[in-house]
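Worksheet: the structure to be examined is printed underneath.
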Amino acid sequence: MSIAETQTGTPAWRLLLGYVRPHRRSLLAGAVLSLVTGATGLMLPLVARGLIDDLAHDRAITGALLAMSALVVTNAAVGALGSYVLRRTAESVVLGARRALSSYLLRLRITAVDRTEPGDLMARITSDTTLLRTVTTESLVGLGTGGLTLVATIVMMGLVDPVLLGVTVAVIAGAGAVIGTIAPRINKASKQAQQAVGVMGAALERVLGALRTVKASGAEHREERALHEAAEESWRQSVRAAKWSAVAGNTAGLAIQIAFLTVLAVGGARVATGAVDVATLVAFLLYVFFLISPLQEVIGAVAQYQTGSAALARIQEALSLPAEPPVRSAPLPSAGEPPASVAFRDVRFRYADDLPHVHHGVTFEVPARGMTAFVGPSGAGKTTVFSLIERFYDPESGEIALDGRNVAEWELPRLRAAIGYVEQDAPVLSGSLRDNLLLGNPEADDDALARVLKTTRLDGLVARLPVGLDTLVGHRGTKLSGGERQRVAIARALLRRPRLLLLDEATSQLDAVNEAALRDTVADVARTTTVLVVAHRLSTVTMADRIVVMDAGQVRAVGTHRELVTADPLYAELAATQFLAAAD
Ligand SMILES: Nc1ncnc2c1ncn2[C@@H]1O[C@H](COP(=O)(O)OP(=O)(O)OP(=O)(O)O)[C@@H](O)[C@H]1O
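Quick note: the sequence shown uses full-length UniProt numbering, first residue 1, plus one each step.
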């Protein structure tokens, strides 16, 4: 299931309320302050009517002028405070969404990650969440305060003259109908614009993740085109959304102009017949102009809501991807804990329903302690054995047991705490050498660190570096050599004191000295720990206690090097070609 196929079902307004609920008090405070701002403004026409009356009857206007000045100042001060409170709340809503999304993405199942683009997920955390800011302030609060101010203004207008109110409401209803047809277009364009931002994030991630390969392949121009296309698509859709938003925004202005002219005509006639006096008509016309702001606010809210709901849908899509249950991390095994045993019983597995099986009934047993090597042609399913033990994936049928207990019954953090895993491409994260080494066990003390550095022969490297362990390794460890990255990955796994070490040997060769050192280290570790290694080197298989030969998703033989060379033709061939070719 790809991210675009995830169905969320929940309406956007409910999702929005879910994000806003924790901040409802400050949102309410902001809304009240906005209302007070609106109310102080609303009183201005009344004071103005009094002022005109005073002028008409030759009375002093000082009181009315003072009242107007006080109202204007209060309006500005309360308005500023309300705006600050609302913006702060909106930022908190964005923060809440970013926290929820980033925690969730760290828990994503690997199956979900396989089907998504990291760049698109990044865009959802960074760009889509940003849109919640405006949807909170402009949409939610705008709809509330603008709507209330609109209703209050209409009530006041009704008090002044019900006939003129009828005229005004009819014009506004017409504007409402226009907005109703525009809103879905804004929504669609906004969603497509955000999707294009996601596509651009994915394209960027693809290029920056392999910039050397892109350069070496002379593919800059093709990649540039893809990036530009995504950027232009986002521009096109945003411009479409802007066009419809502009139409919506101007509908408010147009409606007010029409209402003003109609009120002027109908009101003028009513003044002529003596139904209302001039002061009433002036007050009413002031109210008509006073409608502009709340009406624009409400229409802006509807337009913003369309953009926000598109972003909310994309956030929710990410939050609907399959994830591991939220559990607390487990303590690492303490020193001296016994090594783990591993068993596969008739395991069938495929990476997705539409892909062929990778394991067709894999069965083997590995007792606690010692070293077991997995060998077989490329694609035989060796690395998949490790992924299943780590429970990155679950088998379709059969059982995988650790210490005789099905891994599905283990609490996930406990299971993973027992294991040290060194991936084939030995990933190193951006940060310092120390960060990388302590990633799996931040509590490791200096002695343990020094010991592991020595056994993995990293001590020489650390001594050579001007700032030692604090040296930054660069994005994905590009400042380290391939062999150094591999040794960092092994050191990181060893620092966890694993009860089971999974070592996916790199196909690239280490130099002879380092290979010999690592062989000794692994042999040493295997005395106290269970070590499973996907072997690509003869030196590894010859020292293994047992070798599991895999071919096309099945175990075809188990034995020692000496036994298998004579008993299994595939192994004999592998030993003669693959391993021997790679041997020193
Ligand atoms: N995440 C994945 N999604 C889909 N298919 C995958 C995935 N990972 C591996 N495969 C496929 O599963 C099969 C077994 O892969 P696996 O990595 O277990 O092989 P391997 O025996 O370790 O090979 P090698 O020696 O080349 O590392 C391969 O055909 C591979 O293309």
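For each residue, glycine too, the CB sits at the ideal point set by N, CA and C.
Residue j beta carbon less than 8 Å from that of residue i
i, j, result
"phenylalanine 386", "tyrosine 351", "no"
"glutamate 390", "phenylalanine 349", "no"
"glycine 144", "glycine 82", "no"
"valine 347", "glycine 336", "no"
"threonine 530", "glycine 370", "yes"
"leucine 502", "leucine 532", "yes"
"glycine 483", "aspartate 511", "yes"
"arginine 487", "leucine 465", "no"
"residue 624", "alanine 259", "In the structure as shown, the chain begins at 1 and stops at 584. Residue 624 is therefore absent and cannot be evaluated."
"alanine 248", "leucine 295", "no"
"valine 271", "glycine 146", "no"
"proline 333", "alanine 368", "no"
"alanine 323", "arginine 124", "no"
"leucine 453", "valine 462", "yes"
"proline 442", "serine 329", "no"
"valine 214", "threonine 136", "no"
"glutamine 304", "threonine 37", "no"
Where residue i falls: helix, strand or coil (DSSP)
i, result
"serine 2", "The predicted position of serine 2 is uncertain, since its pLDDT is 47 and thus under 50; no value can be drawn from it."
"arginine 59", "coil"
"histidine 536", "coil"
"aspartate 353", "coil"
"valine 113", "helix"
"glycine 553", "coil"
"glycine 559", "strand"
"leucine 580", "Per-residue confidence for leucine 580 stands at a pLDDT of 49, beneath the threshold of 50, marking its modelled position as unreliable; the derived number appears in the next sentence. Helix, per DSSP."
"valine 141", "helix"
"residue 585", "For the chain, the structure presents residues 1 to 584; residue 585 sits outside this window and is missing."
"alanine 401", "strand"
"arginine 206", "helix"
"phenylalanine 392", "coil"
"glycine 18", "helix"
"valine 266", "helix"
"glutamate 411", "coil"
"serine 432", "strand"
"leucine 502", "strand"
"tryptophan 13", "helix"
"valine 347", "strand"
"threonine 529", "coil"
"glycine 370", "strand"
"asparagine 75", "helix"
"threonine 383", "helix"
"leucine 101", "helix"
"glutamate 365", "strand"
"alanine 323", "strand"
Best match in the options for proximity to residue i [C-alpha to C-alpha]
i, options, result
"alanine 193", "Arg98, Leu438, Leu165 and Ser309", "Ser309"
"leucine 291", "Ser103, Asp504 and Leu165", "Leu165"
"asparagine 250", "Leu15, Ala175, Arg88 and Ile419", "Ala175"
"leucine 538", "Ala575, Ala493, Glu337 and Gly379", "Ala575"
"proline 118", "Ala48, Ala203, Ile186 and Asp425", "Ala203"
"residue 587", "Gly96, Val342, Pro427 and Arg270", "Here the chain comprises residues numbered 1 to 584, so residue 587 is not present and cannot be evaluated."
"arginine 236", "Lys188, Arg24 and Ala210", "Lys188"
"glycine 381", "Val288, Ala112, Val358 and Thr577", "Val358"
"alanine 76", "Ala56, Ala97, Arg314 and Thr40", "Thr40"
"threonine 126", "Arg109, Leu148 and Ser102", "Ser102"
"valine 276", "Thr383, Ala241 and Val163", "Val163"
"residue 590", "Pro377, Gln306, Gly379 and Ser238", "An answer regarding residue 590 cannot be provided, because it is not within the stretch 1 to 584 covered by the chain."
"residue 608", "Val327, Glu411 and Ala535", "No answer is possible for residue 608: it lies beyond the span of the chain, which begins at 1 and ends at 584."
"serine 378", "Pro498, Asp114, Arg414 and Gln424", "Gln424"
"arginine 49", "Gly440, Ala64 and Leu439", "Ala64"
"residue 591", "Val473, Ala177 and Phe289", "The structure shown does not extend to residue 591, since the chain spans only 1 to 584, so no value can be given for it."
"valine 522", "Tyr571, Thr577, Thr456 and Arg496", "Thr456"
"histidine 475", "Pro427, Ala491, Ala373 and Leu439", "Pro427"
"leucine 105", "Val565, Arg133, Ala173 and Ile315", "Ile315"
"valine 513", "Gly460, Leu472, Leu42 and Asp504", "Gly460"
"aspartate 394", "Tyr84, Ala401, Leu402 and Ala408", "Ala408"
"leucine 500", "Thr478, Gly38 and Val525", "Val525"
"alanine 230", "Gln195, Arg206, Thr149 and Arg240", "Gln195"
Contact belief for residue i with residue j at Cβ below 8 Å, rounded distance in angstroms
i, j, result
"valine 160", "threonine 262", "Not a contact, Cβ separation roughly 16 Å."
"aspartate 568", "alanine 552", "No, aspartate 568 and alanine 552 are not in contact; Cβ-Cβ is about 14 Å, not under 8 Å."
"valine 548", "phenylalanine 392", "20 Å between Cβ atoms; not a contact."
"leucine 321", "leucine 15", "The pair is not a contact, with the Cβ atoms about 16 Å apart (cut-off 8 Å)."
"isoleucine 61", "leucine 46", "Contact doesn't hold; Cβ gap of about 14 Å is too wide."
Practice task
Kindly provide the chain-ordered list of residues whose Cβ lies closer than 5 Å to any non-hydrogen atom of ligand 1.
Solution key: Applying a distance threshold of 5 Å between residue Cβ atoms and the heavy atoms of ligand 1 selects Asp114, Tyr351, Val358, Ser378, Gly379, Ala380, Gly381, Lys382, Thr383 and Thr384, given in chain order.
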